[in-house]
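K.L.:
Per the working numbering, residue 41 is the first one in the sequence shown, and the count goes up by one each step.
Every residue, glycine too, gets a C-beta built ideally from N, C-alpha and C.
Take a look at the following structure, please.
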Amino acid sequence: MNAKGNRMAMSFSDNGKLFNTKLGEIDILLHRPLEGRIKQLIIKRQGKRWYSIFCVERQVIPANINANNAVGMDVGLNKYAVLSNGTEYDNPRFLRKKEKQLKKAQRKISEKKKGSANYIGQVQRVRQLHVKVANQRKDFLHKLSYNLAIDYSVIAVENLNIRNMIRNRKISKSISDAGWGMFRNMLAYKCEKNGGVLIKVEQKFTSQDCSYCNNRVKKSLSIRTHICQKCGVVLDRDYNAAKNILQKAIEELLVTVGQGCVRTV
Ligand SMILES: [Zn+2]
Numbered sequence: 041m042n043a044k045g046n047r048m049a050m051s052f053s054d055n056g057k058l059f060n061t062k063l064g065e066i067d068i069l070l071h072r073p074l075e076g077r078i079k080q081l082i083i084k085r086q087g088k089r090w091y092s093i094f095c096v097e098r099q100v101i102p103a104n105i106n107a108n109n110a111v112g113m114d115v116g117l118n119k120y121a122v123l124s125n126g127t128e129y130d131n132p133r134f135l136r137k138k139e140k141q142l143k144k145a146q147r148k149i150s151e152k153k154k155g156s157a158n159y160i161g162q163v164q165r166v167r168q169l170h171v172k173v174a175n176q177r178k179d180f181l182h183k184l185s186y187n188l189a190i191d192y193s194v195i196a197v198e199n200l201n202i203r204n205m206i207r208n209r210k211i212s213k214s215i216s217d218a219g220w221g222m223f224r225n226m227l228a229y230k231c232e233k234n235g236g237v238l239i240k241v242e243q244k245f246t247s248q249d250c251s252y253c254n255n256r257v258k259k260s261l262s263i264r265t266h267i268c269q270k271c272g273v274v275l276d277r278d279y280n281a282a283k284n285i286l287q288k289a290i291e292e293l294l295v296t297v298g299q300g301c302v303r304t305v
């Protein structure tokens, strides 16, 4: 670690100490309680003392928000999005659709003499294909986020850690193709522009818990149906998750806008 400060992943242990995978547990004197989700920690040395600087993400829900049509949304790879009112949006998978064409174009590069006009032209063609995929994706996300922001005043989504998910090599390409990060950014500013709000809720058991009776039904990713032994409800996995996401957002909203002011659609 240097005096300039290092960026690292951390958490708090149950005993209140700061925990870092490299340094272990560290005693810490907190000058004020931390509010919000910790995004980053910078440890800095000034003279003999060490300081921790926390960067947090706080969600501010405006008190005058129109919470009359709140909806929960689960994003995924099977369906692009499933809403808590049952509406589903297909995943367009733009990259997947162009994959064959891309591979072929890529292969052709190796057949050309490096540096030749043909070679440069082929590189250009591959680049154009990627641009086309990116534009298609952007266009789809703009339209979808625009329509959602118009239709709903409150949209609740899960706080996904996309960077961590992309480390899963098996599905990283599909996740990149889905453009969830871009989608959430678009949704956030479009909701705000329309007087609404995008609420991010903690990603905790949203696909496991039963949206009817709260019973926890553990299931792997491949199980697409939520079947609750306790209350007998059978729901599509993503639909059940969307309902739970909405419920979590309502709990947060009630604190801000008060009882009886939230109506779901
Ligand atoms: Zn149940």
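Under 7 Å: does the beta carbon of K270 sit that close to some heavy atom of ligand 1?
P.N.:
Flag set: Cβ of K270 near ligand 1.
K.L.:
Report, in whole angstroms, the separation of the C-beta atoms of K240 and Y186, which I expect to be a contact under 8 Å.
P.N.:
Not really, about 19 Å apart at Cβ, beyond 8 Å.
K.L.:
Report yes if the CB atom of Y129 is closer than 8 Å to the CB atom of L200, and no otherwise.
P.N.:
No. Outside cutoff.
K.L.:
Quick one: residues in its chain with C-beta nearer than 7 Å to the C-beta of S51, no 5 flanking neighbours on either side, listed in chain order?
P.N.:
Once the five neighbours on either side are set aside, the close Cβ partners of S51 are F59.
K.L.:
Tell me whether N225 sits in a helix, a strand or coil according to DSSP, three-state version.
P.N.:
Three-state DSSP puts N225 in a helix.
K.L.:
Across which residues does DSSP place M205 in a beta bridge pair?
P.N.:
Looking at the DSSP assignment, M205 forms no beta bridge with any residue, so it has no partner.
K.L.:
Is Y252 near ligand 1 - that is, is its Cβ less than 7 Å away from at least one heavy atom of it?
P.N.:
It does: the Cβ of Y252 is within 7 Å (strictly closer) of some heavy atom of ligand 1.
K.L.:
Just to confirm the assignment, what range does the alpha helix (DSSP H) spanning D217 have?
P.N.:
D217 -> alpha helix (DSSP H) spans 212-218.
K.L.:
Distance check for L238 and S53, CA to CA, integer angstroms please.
P.N.:
S53 and L238: Cα-Cα distance of roughly 30 Å.
K.L.:
Count the other CB atoms, across all protein chains shown, that sit within 10 Å of the CB of T246; report buried if there are 16 or more and exposed otherwise.
P.N.:
That one is buried.
K.L.:
My understanding is that K258 touches Q248, with C-beta atoms under 8 Å, so please give their C-beta distance in whole angstroms.
P.N.:
About 6 Å separates the two Cβ atoms, so the contact holds.
K.L.:
Between the region 131-146 and the region 161-173, do at least 3 Cβ pairs fall closer than 8 Å?
P.N.:
These segments touch.
K.L.:
Mind pulling the alpha helix (DSSP H) runs of 4 or more residues that sit fully within the region 133-208?
P.N.:
Fully enclosed alpha helix (DSSP H) runs of 4 or longer: 134-151, 157-191, 202-205.
K.L.:
Using the C-alpha atoms, what's the distance from I82 back to N42?
P.N.:
Per-residue confidence for N42 stands at a pLDDT of 41, beneath the threshold of 50, marking its modelled position as unreliable; the derived number appears in the next sentence. So the alpha carbons of these two residues sit roughly 11 Å apart.
K.L.:
Could you check if N255 belongs to the surroundings of ligand 1, using beta carbon to heavy atom distance under 7 Å?
P.N.:
At least one heavy atom of ligand 1 is nearer than 7 Å to the Cβ of N255, so yes.
K.L.:
Just to confirm before moving on: does the CB-CB distance between A196 and L286 stay below 8 Å?
P.N.:
Taking 8 Å as the Cβ cut-off, A196 and L286 qualify as a contacting pair.
K.L.:
Going by alpha carbons, who is nearest to D179 out of I263, L74, M226, Q162?
P.N.:
Checking every option, the nearest Cα to that of D179 belongs to M226.
K.L.:
Kindly examine ligand 1 and report whether one of its heavy atoms sits closer than 7 Å to the Cβ of V273.
P.N.:
For ligand 1, at least one heavy atom lies less than 7 Å from the Cβ of V273.
K.L.:
Does the region 107-122 come close enough to the region 276-283 that 3 or more CB-CB pairs lie under 8 Å?
P.N.:
The answer is yes - the region 107-122 touches the region 276-283, with three or more Cβ pairs under 8 Å.
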